[in-house]
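Okay, so here's the structure we're looking at.
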Amino acid sequence: MGLFSSVYIVLIYLVGRYFFKKSRTPKVPLIDKVVVITGCDTGFGHHTTLVLTGLHKAVVYATCLTPAGVKNLERLRDEQPERYGNIRPVQLDVTVNEDVKKFAEKIEADCLLNNAGINLGSWFSWTTVEEFRKVIDVNLMASVYTMKALLPSLLRYVKNNPTGHAPRIINITSVAGRYNQT
Numbered sequence: 007m008g009l010f011s012s013v014y015i016v017l018i019y020l021v022g023r024y025f026f027k028k029s030r031t032p033k034v035p036l037i038d039k040v041v042v043i044t045g046c047d048t049g050f051g052h053h054t055t056l057v058l059t060g061l062h063k064a065v066v067y068a069t070c071l072t073p074a075g076v077k078n079l080e081r082l083r084d085e086q087p088e089r090y091g092n093i094r095p096v097q098l099d100v101t102v103n104e105d106v107k108k109f110a111e112k113i114e115a116d117c118l119l120n121n122a123g124i125n126l127g128s129w130f131s132w133t134t135v136e137e138f139r140k141v142i143d144v145n146l147m148a149s150v151y152t153m154k155a156l157l158p159s160l161l162r163y164v165k166n167n168p169t170g171h172a173p174r175i176i177n178i179t180s181v182a183g184r185y186n187q188t
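Numbering-wise (our numbering), the sequence shown opens with residue 7 and increments by one.
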């Protein structure tokens with residue numbers, strides 16, 4: 007089993023443990039909750055989008071970097087509207103703060119799942135400063151931009167639902183930093 011598979015299994019376990027009790031009912035009812043997920047072109051973000059919309063009927067704004075990612079989610083939504091009708095694919099480069107702010111002004115969110123991330127997987131001595139900057143922009147600054155931009159929406163949710171569940175910000179990171187390649 008590869009590193010990616012191991013990380014995926016741990017992620018699914020932790021997300022499941024967070025949202026579910028032993029009875030398999032969500033701790034937080036997700037029907038019609040608005041969730042923003044970054045990095046939905048492929049991988050964890052794509053799969054989480056399908057689970058939250060298909061199984062839990064949440065409304066998911068699935069941000070994708072590429073037009074192909076958006077088209078793929080639109081195709082799924084259009085082919086199976088009863089299951090994936092709540093997917094709202096959005097093309098968004100989360101490393102561009104102004105674009106993230108414009109996106110956040112248009113929606114009200116109950117939950118943010120920062121999932122966008124990259125790994126160049128190179129030896130330290132071979133990696134350029136520009137490559138490090140790109141990794142930092144995607145893996146760190148994009149999360150900061152989305153949290154800052156959606157914070158007013160999340161705080162409004164608290165104000166409008168004082169006895170309800172608090173909004174959530176979930177940041178997914180990588181274990182790749184544990185591996186030293188010098």
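Positions of the beta carbon are idealized from the N, C-alpha and C atoms, including for glycine.
Buried versus exposed call for residue i [16 or more other C-beta atoms within 10 Å across all chains shown]
| i | result |
| --- | --- |
| P73 | exposed |
| F109 | buried |
| D38 | exposed |
| R4 | No information on residue 4 is available, as it lies outside the stretch 7 to 188 that the chain covers here. |
| V4 | No information on residue 4 is available, as it lies outside the stretch 7 to 188 that the chain covers here. |
| L98 | buried |
| G45 | buried |
| T169 | exposed |
| T134 | exposed |
| L156 | buried |
| V100 | buried |
| L56 | buried |
| L79 | buried |
Residue nearest to residue i in terms of C-alpha spacing, selected from the options
| i | options | result |
| --- | --- | --- |
| P173 | T44, L126, C117 and K140 | C117 |
| N92 | G170, L160, V40 and R162 | V40 |
| V66 | V102, K77, I142 and V96 | V96 |
| K1 | L71, F130, G75 and D105 | In this structure the chain extends from 7 to 188, so residue 1 is not present and cannot be described. |
| R158 | E114, V141, G45 and I176 | Note that residue 158 is Pro in the sequence shown, not Arg. For P158, the nearest C-alpha among the options comes from E114. |
| T179 | N125, V42, E111 and E136 | N125 |
| N177 | R81, S131 and V42 | V42 |
| L71 | V164, E111 and V102 | V102 |
| L61 | V150, R139, P35 and H171 | P35 |
Residue i - DSSP class collapsed to helix/strand/coil
| i | result |
| --- | --- |
| P168 | coil |
| I176 | strand |
| L157 | helix |
| N121 | coil |
query: Counting Cβ pairs, one atom from each stretch, are 3 or more of them under 8 Å apart for the region 141 to 152 and the region 79 to 89?
result: Proximity of the region 141 to 152 to the region 79 to 89 falls short of the contact definition, fewer than three beta-carbon pairs being nearer than 8 Å.
task: Mind listing, in chain order, the continuous beta strand (DSSP E) runs of no fewer than 3 residues lying wholly within the region 43 to 116?
output: Considered as a whole, the region 43 to 116 harbours 65 to 70 and 93 to 97 as its complete beta strand (DSSP E) runs of no fewer than 3 residues, in chain order.
- prompt: Is the region 121 to 141 close to the region 48 to 60, with three or more CB pairs under 8 Å?
  reply: Proximity of the region 121 to 141 to the region 48 to 60 meets the contact definition, three or more beta-carbon pairs being nearer than 8 Å.
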